[in-house]
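Visitor: Protein sequences, first through last, are from chains A and B. The opening residue of the first sequence carries number 29 in the numbering used here; numbering runs sequentially from there. The opening residue of the second sequence carries number 29 in the numbering used here; numbering runs sequentially from there. Note that CB positions come from ideal geometry on N, CA and C, so glycine has one too. I'd like to ask you about the structure that follows.
Protein chains: 2
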Amino acid sequence: MSKLRVNSFSVSMDGFGAGPAQSLEHPLGRGGEQLHTWVFPTRTLQRVVFGKTGGTTGPDDDFAASGFDNVGAWILGRNMFGPVRGPWPGEEWKGWWGASPPYHVPVFVLTHHARAPLEMEGGTVFHFVTGGIEEALDRARDAAGGGNIRIGGGASTVRQYLQARLIDELHLAFAPVLLGGGELLFAGMDLPALGYRVTSSAASEAATHILIDKA
Amino acid sequence: MSKLRVNSFSVSMDGFGAGPAQSLEHPLGRGGEQLHTWVFPTRTLQRVVFGKTGGTTGPDDDFAASGFDNVGAWILGRNMFGPVRGPWPGEEWKGWWGASPPYHVPVFVLTHHARAPLEMEGGTVFHFVTGGIEEALDRARDAAGGGNIRIGGGASTVRQYLQARLIDELHLAFAPVLLGGGELLFAGMDLPALGYRVTSSAASEAATHILIDKA
C-alpha cells in the first residue's frame, strides 16, 4: 500500500516546527525561515520551488530530493495553505506559491470551512477537506494512484497524524537554532509509545537529519 | 570572572534530558542511557570516569574533554547526586560514583535537606546547599578559585539556572533517539528571549553538538 510520509520537516533544537505569529509577511512564523536554511540552497528546492537550475548537492539535497520521490498526493494543514482564518472570505487566496504551485498532483487541505476545488497551473489541484484527517487521507490515497502521500505540514497537522499512528515514515531536519516560541512538534506526545523510533541519522553543516518509522 | 557552564549535557531529539522514573537501577531514568552513547566510548570519559586508558578520539572526545577544562567547582541537582528523596535517611548514600568520584574539586549539591559536607577520595568534597541556586553559585564561585563552575545537571537544575540567566555557556549533545517521556530541558522556556543563541554546531555519527551562549 502507498505510504504516508513526512519529508524535510524542519525543527529547531528547542522543538519548534514553525515560529510564532504566522502572517502574510511571515508565512513560517517569526524567525521560522531560520529553520529552512539547509534546504533553500539545494538543487532540488531551487528547481522544484523556484524553477531554477543550479543549487547545492550533497546530503541536504539528497534528503530534499527523496521527499519528492513517488509522491502521488499531498496533505496540508490550512495554515500551511495560507494565513486566512475562519470562513473563506472569497476565492482570492490561492496559496503561497503563485499560479503554478510546486506540487503538480492533488493536494488535500484540512479546513473546517468548505470551499470548491481549486485547479492551478502545472497539475496542482487543491481540494478542501472538512471531514478530518482520516477523510483527507482516504481521499489522498485514492487520488495518489498507488503513489505515496506526503504531509507538507504544519506542525499541528503532523501531530494529529502521528497521534493517530497514521504516518509511516518521517524525515525531520533539525536546524541549529533556538526559536523560543511557535509550534511545538512533539509536545505532550510519547512517540516511542506510539510505535515510532529513529532508524538512522545523518548530519550536514546546516542540519541533522533524523529518519523515523513506525514499528 | 569565572564562567558558569554546562557541558556534555545530552538531550533526545524530542527534548528530554533524562528518561522517566529515575531509580537506583536507572540513574538516568528509563532509556536515559541512550542519550549518552556518544560520550561513553570517548577517551576522556574512559579516563575521567573509569580510570582507563584508550577510548575514541575525534569531535565527541574533543567536546567531552573541553568540559573538564579549568573547572574549579561543580553544581549538581540532588537527583543527579542520587535517587534518595526527602530528608536524608543517614549518611550511607555517597553519590553514584564510588569512593573516588570523577570531580576532584568541591561539588555543591542543591537540596532542601541539610547534611554535613562529605569528603571523598581524590579531592572531591560534596557540599549540600539548602539556600537555593544563587547561594550554590556564590559558594561554588568562592571555592573555584578563579576557575569555571560546571553544572552537571540534571535538567531541572539547568532549567533553573537558565531561567535566572546565570549560565554563560552551554554545550548540548543531541542524541538521535526519541525518549517519549522524562525530564524536558526546554519546556516553557524562551531561550532567545532570555538572551541565549546558538553560536556553533558540529555533528558526529553519534550526536549533534550545539554551543549556546548568552548575549
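1. Alpha helix (DSSP H) containing A171 of chain A: first to last residue?
2. Relative to the alpha-carbon of G110 of chain B, which residue among B:W102, B:P117, B:K122, B:I103 has its alpha-carbon at the smallest distance?
3. Could you check which residue in B:R167, B:G150, B:L222 has the C-alpha nearest to that of F156 of chain B?
4. How close, in whole Å, do the beta carbons of H237 of chain B and H199 of chain B come, if the pair is a contact with beta carbons under 8 Å?
5. Could you pull the DSSP bridge partners for F44 of chain A from this structure?
6. Let me make sure I understand the geometry here. Which of A:V133, A:A171, A:K242, A:G45 has the alpha-carbon closest to that of A203 of chain A?
7. Would DSSP call E119 of chain B helix, strand or coil?
8. Is it the case that the Cβ atoms of L213 of chain B and V186 of chain B are separated by a distance below 8 Å?
9. Would you mind reading off the limits of the beta strand (DSSP E) that contains A127 of chain B?
10. What residue from B:W125, B:M41, B:A183, B:F136 has the CA that sits closest to P220 of chain A's CA?
11. Give the list of continuous alpha helix (DSSP H) stretches no shorter than 4 residues that lie fully inside the stretch 33–105 of chain B.
12. Take every Cβ of the stretch 173–182 of chain B, pair it with every Cβ of the stretch 99–109 of chain B, and state whether three or more of those distances are shorter than 8 Å.
13. For H199 of chain B, list the residues DSSP reports as bridge partners.
14. Going by DSSP, what residue range makes up the alpha helix (DSSP H) through R187 of chain B?
15. What are the boundary residues of the beta strand (DSSP E) that H155 of chain B is part of?
16. Tell me which residues share the same chain as I240 of chain A and place their Cβ nearer than 6 Å to its Cβ, disregarding the 5 neighbours each side in the sequence.
17. Hey, Q62 of chain A and V205 of chain A are a contact pair by Cβ (cut 8 Å); roughly how many whole angstroms apart?
18. Under the assumption that G100 of chain B contacts A201 of chain B (Cβ atoms under 8 Å), give the Cβ distance between them as a whole number of angstroms.
19. Could you tell me whether the Cβ atoms of M217 of chain A and L194 of chain A are closer together than 8 Å?
20. Quick test of your reading: N35 of chain A and S94 of chain A, contact by CB under 8 Å. State the CB separation rounded to the nearest angstrom.
21. Report whether the distance from the Cβ of H141 of chain A to the nearest heavy atom of the ligand NAP is below 7 Å.
22. Taking all protein chains shown into account, decide if L52 of chain B is buried (16 or more other Cβ within 10 angstroms of its Cβ) or exposed.
23. Which residues in the same chain as G175 of chain B place their Cβ atom closer than 8 Å to its Cβ, once the five residues preceding and following it in sequence are excluded?
24. Within 8 Å (strictly less), CB to CB, does V205 of chain A reach chain B?
25. Distance check for L73 of chain B and T81 of chain B, CA to CA, integer angstroms please.
26. Which of the three DSSP states is assigned to E244 of chain A in this structure?
27. With distances taken from CA atoms, which of B:R58, B:L56, B:W116, B:T70 is nearest A92 of chain B?
28. Nearest by alpha-carbon distance to Q118 of chain A: which of A:Y131, A:P145, A:F136, A:F96 is it?
29. What does a CB cutoff of less than 6 Å around G150 of chain A pick up in its chain, not counting 5 residues either side in sequence?
Guide: In short, the structure shows the following:
1. 161–172
2. Closest by C-alpha distance to G110 of chain B, out of B:W102, B:P117, B:K122, B:I103, is B:K122.
3. B:R167
4. Taking a contact as a CB-CB distance under 8 Å, the pair H237 of chain B and H199 of chain B counts as one, their CB atoms being some 6 Å apart.
5. A:L212
6. A:G45
7. coil
8. yes
9. Element bounds for A127 of chain B: n/a, residue is neither H nor E.
10. If we check each option's Cα against that of P220 of chain A, B:M41 comes out closest.
11. 71–78, 87–94
12. Enough Cβ pairs lie closer than 8 Å, so yes.
13. B:L239
14. 183–191
15. Secondary structure note for H155 of chain B: its beta strand (DSSP E) is the uninterrupted segment 153–157.
16. L198, Y224, V226
17. 5 Å
18. The pair is not a contact, with the Cβ atoms about 23 Å apart (cut-off 8 Å).
19. no
20. In this structure, N35 of chain A and S94 of chain A form a Cβ contact; the two beta carbons are roughly 7 Å apart against a cut-off of 8 Å.
21. Ligands are entirely absent from the displayed structure, and the ligand NAP is therefore not among its contents.
22. With fewer than 16 Cβ atoms within 10 Å of its Cβ, L52 of chain B is classed as exposed.
23. S30, N98, V99, G100, A101, V133
24. At a cut-off of 8 Å between beta carbons, V205 of chain A contacts chain B.
25. 10 Å
26. Within the shown structure, residues of chain A are numbered from 29 to 243, placing residue 244 of chain A beyond reach of any answer.
27. B:T70
28. A quick correction: the sequence has Gly, not Gln, at residue 118 of chain A. For the residues A:Y131, A:P145, A:F136, A:F96, the minimum Cα distance to G118 of chain A belongs to A:P145.
29. S128, H132
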